[in-house]
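Chains as they are written, first to last, in the numbering used here: chain A, 5 to 361; chain B, 5 to 361; chain C, 5 to 361; chain D, 5 to 361. By construction, the Cβ of each residue, glycine as well, lies at the ideal position given by its N, Cα and C atoms. Read the structure below first, then the notes.
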């Protein structure tokens, strides 16, 4: 596998499988002098930790991060920051029932064809657990962005057919409820919906929205490293994401230029926009407005219903998946979306330092 | 600007502005021995050439490509292929009216803030004309993919509120009509709709769908270089794209695991899927089914209506855009979508050669 | 710091400081199916471990490597291999005497100017200890190369003015004596020379030669990723190396074309060379002969003599360096040279897989 | 071929063969606002142009560069700068005599084995002509460095056994004589020596030295992207270079720490060094002193003597090389060394902008 590194200047390399010795990340290229400690990073990891509500797996990982290098006397030194999270909850169990099976909705088939065999324990490298390394690295990016006045918040706006009421939008609420929805009523309805799905041995998809505030104008490189192209890659690289849209997104298809263009105006000495159909990005560069994007998460593929599938020997079989699986992926992925956005923006912010001599 | 190169092994570097001396691309890493000539590449460029219908700008560029290196006796040599298209239609005109203006929906503001000034003639590097280099390079990728039995076709499925009728789907039709829609009736309705918009000095968004057939299983690198992540970056890097989705895309939000999972079955010695909700990608790797994705194109931002905006001096102004602008971007972008997908898949196909020793 | 990753397809990222929590490396892109275990990697680390002779520091690090990911049931899985070596011998001591000092021959000044401050404990990231991560990662490369029949051996050919006698060359001897010289007599003379230097509180430079056997023809990319260019970067990136030469090296300056050209001849169905002035590389690609290069290592800069220098406050001062320092760097660096060569060749070998379609 | 791009932020991609349609380079990542024009770039190209003395091939290429993009109103815009040099002197001749031959000292064998066939006309991509693209791109880097007060000068210090007299060193002289030697007497002796070699149908190696002045402290990334590692790769990637050394170079082998360490002292508010054994680089970062390195160029492999070699059919044969070949490579390579150094330093200078937040 290549492709375990991401970013040009703020470069993150992740490693680790679900049931190996641990999970981790190396952050290379973080500027020196940023205050950071394990506690801060841990606060991000805790948001994706399992076992926190009835909608997340009971598997309880401490997910305790250790800074192995790159920080001295509480500050980044400019050298690579190695973050290690030991796996503590790998129950030594019998995987013989899934060892040779290609589970529907999973990457088992691809892994076997690509590499000739696979680490079948708990999904190996394609486990959601892989994102722990991203979150740890992204917490560092988040701290760097704070120095530039940039903040990033993601939350769940839809689960099944239950959407938030935009007029009741409350970001603080999203930090409180188990489903990370910025609307208490919607969260309650979604909660009922999920309970029904659990009873049905089923799972649900969801929509995650992310807002970046405080962006300076001109971040993003105009051709292949456009800000939206890079964010799209970053977010689509999170397992289970099947689509991403910026600003008005897919609604632009039925829109007109006269509706979709955001008019500029001057406020004091600042260029502002009357609307934000663009989602804060024009021509691949930030336009000064908030960046807004939405990602579609598919339903957890591991469901407890009987399913038809095949095995490595080329036989049609029936399987019933055991183990610990969330009925919905999105709430724990909210912090992954935030941190992947942070890594991307940190990288492009550093790239931008050489746009002028 | 960094970010004018794309790909790890099949690496494309594009250059050129709308009104400079020319546009071009360098393809580094194309394997040796692929038969290619200017005629083949030209056939792709001709599909994005302006001046071909009432819905494309009257600006007539010959867009004649010249192979400057990397091909010997009709075959790629393994050395970089330089493709140059001279600009022939740069009308020497007076740009003083847009020189200092930040056009709504355009990247003018970003360029000025990022670089301190900009080449204001015809959009410079953010002009749609930049994609000519991509198309030329992508034609080479397309030829490489043919050797592996992979084909890629894109077409327009929706313009405004007019969608194709899936039951009337006809790919051959998409190659014939000016709007690249695989449904003659829809194309005719959309044509009427666009004529109305032209009369209104307005423009329309559209949806482009792309299908990749013949994919082997296991292409794509499982973490940051997932096949869908890389395709998302490639397609989002095309100007005017505001969203991308794979397979069921945003519909997964309201779907259930039991609906969304594609069951595998054995057909002869092949692993097949009963459905293709995944759009041919699981865990970031091809799953053997057709790859299907859709991209949302925003309406052309250059419209002839009077618009409010600002200029470099920080003044609120009114502008009326002159010049030659398409009322819709998508039909000419269809071949750009195909070729960017081709470059991406070619790159990941070569990457995959080192997955096993 | 960027630049902690090396390689395109076989990509190694190292992290860790001399006196932090540990040292390590992530190997991304190693093909699946290579047999590897901690014992094999450890055997390489043990060769650079301190405390093994009178000429290496008494600091005793266990340097025990742990494979954290990427290996399953004794084989590489294709996913990133994380290798961690915990630091166990960081004596908690008072660094106040060197904290603000710019030691002659060291990178202290550069670190301070570049990052604003530095981790002054034991050289931080510029410590020779950084190479432990490289060696661990390089052991994996070495195992991969063995599958292709490629072997790499380095040894010390000169210390001070004492050179090996080429007619007495004995590779097995180099594996036995503390100075890694393939000539017992030379090793004994050099040993006496070094004892004298220790008494003088001084240190010595040395020459390391490296030979790669079993190379297929055509490895290396003809322009910027020439095999010799990449090896030069890899070896020059080892601290203390001040020069590198291939084949006849600097002797080519006074040579003639008629002497320097290696004539080809046919032996069975193989193209061979009568001589190997080129050192196995022509036009940046392997030519089928053994690859031979030499690297010049400077004397250890940490010497116990009183030296004039300056501190952070801009004052001229005198220092006497304390601590544990080898009087010669090269013998422990031999395995670093071998493994950096292995990583480079592994990378270019994988690159070469896409030279033809 | 991959590997036709060089640099992370200041990224140069070259293309073109000796006898194709042209040669060129794309510079991506040059900061905006640098004044540049074709005349300035041409002045660099003219220094490597053939036909300028009795020691360079009579082939007369105009080598006229054209800026195709990235420069507007006399300044770099931040977008990629495409530089094209059309080949005008490709004599259409019969290559059948070398088509299937593996010339001694050339890359013919490697190309054939790597790619299956090769463009045999004039060396194709491995021709010295490939460096024209580098020189054009490097002239841009040189202009950028001037903004930072950095200058780079290379010259020839030795040809055969004839070395310059350091006490007579005169940089201005190196710009005047045909052999680029900073010592008129040495140049004259070397000139006689070369005339003798021409009569003997032979060729000579040479040494090129390069000095970089005005470097700020701390440029270079401390591990794999060390300033000397990157310079070594850049210079070794020039065809015919067989070795590189920095500062005292290979002399460090027989040196002692007490001799080799450069003592620091304070001069006003500046940290200076009493000596410069390090060649201006410590721990992979610039130390404020001049950067000094030397590269060994092998004798031109194309000599007119009869040579034994083999052909593609596996036959032992005799060849006599025809055509136009310099009896020495170094004088025309001096500007290639300077510009490759400039590209490298420009890249690391931009990298350094993100060392602190």
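Min CB distance residue i to chain D below 9 angstroms
i                      : result
residue 87 of chain A  : no
residue 142 of chain A : no
residue 288 of chain C : yes
Backbone secondary structure at residue i - three-state DSSP
i                      : result
residue 298 of chain A : strand
residue 72 of chain D  : coil
residue 135 of chain A : helix
residue 59 of chain C  : coil
residue 317 of chain A : coil
residue 223 of chain C : coil
residue 80 of chain B  : strand
residue 171 of chain C : helix
residue 325 of chain B : coil
residue 9 of chain B   : strand
residue 239 of chain A : helix
residue 347 of chain C : helix
residue 230 of chain B : coil
residue 359 of chain B : coil
Contact with chain B by residue i, beta-carbon distance below 9 angstroms
i                      : result
residue 193 of chain A : no
residue 14 of chain C  : yes
Cβ of residue i within 9 angstroms of any chain C Cβ
i                      : result
residue 219 of chain D : no
residue 234 of chain A : no
residue 292 of chain B : no
residue 31 of chain D  : no
residue 258 of chain D : yes
residue 180 of chain B : no
residue 21 of chain A  : yes
Neighbour-count burial assignment, residue i, 16 or more Cβ in a 10 Å radius
i                      : result
residue 68 of chain B  : exposed
residue 359 of chain C : buried
residue 203 of chain D : exposed
residue 80 of chain D  : buried
residue 107 of chain A : buried
residue 291 of chain A : buried
residue 320 of chain C : exposed
residue 39 of chain B  : exposed
residue 423 of chain D : The structure shown does not extend to residue 423 of chain D, since chain D spans only 5 to 361, so no value can be given for it.
residue 264 of chain D : buried
residue 352 of chain D : buried
Nearest residue (CA-CA) to residue i, options the options
i                      : options                      : result
residue 123 of chain C : C:100, C:142, C:76 and C:334 : C:100
residue 8 of chain D   : B:113, B:33, B:22 and B:66   : B:33
residue 85 of chain B  : D:276, D:24 and D:213        : D:24
residue 134 of chain B : A:226, A:52 and A:206        : A:226
residue 297 of chain C : D:246, D:72, D:259 and D:164 : D:246
Short CB-CB distance (under 9 angstroms) between residue i and chain A
i                      : result
residue 183 of chain B : no
Next item on the list: Counting only runs of 4+ residues fully inside the region 183-210 of chain A, write out the alpha helix (DSSP H) ranges in chain order.
Entry: 188-203
Next item on the list: Could you name each continuous beta strand (DSSP E) segment of 3 residues or more that falls completely within the region 243-312 of chain A, going from the start of the chain to the end?
Entry: 245-250, 268-271, 274-277 and 295-301
Item checked: Runs of beta strand (DSSP E) lying entirely within the region 92-166 of chain D, each at least 3 residues, in chain order -> 155-163
Next item on the list: Pick out the complete alpha helix (DSSP H) segments inside the region 15-61 of chain D, 4 residues or longer, and give them in chain order.
Entry: 42-52
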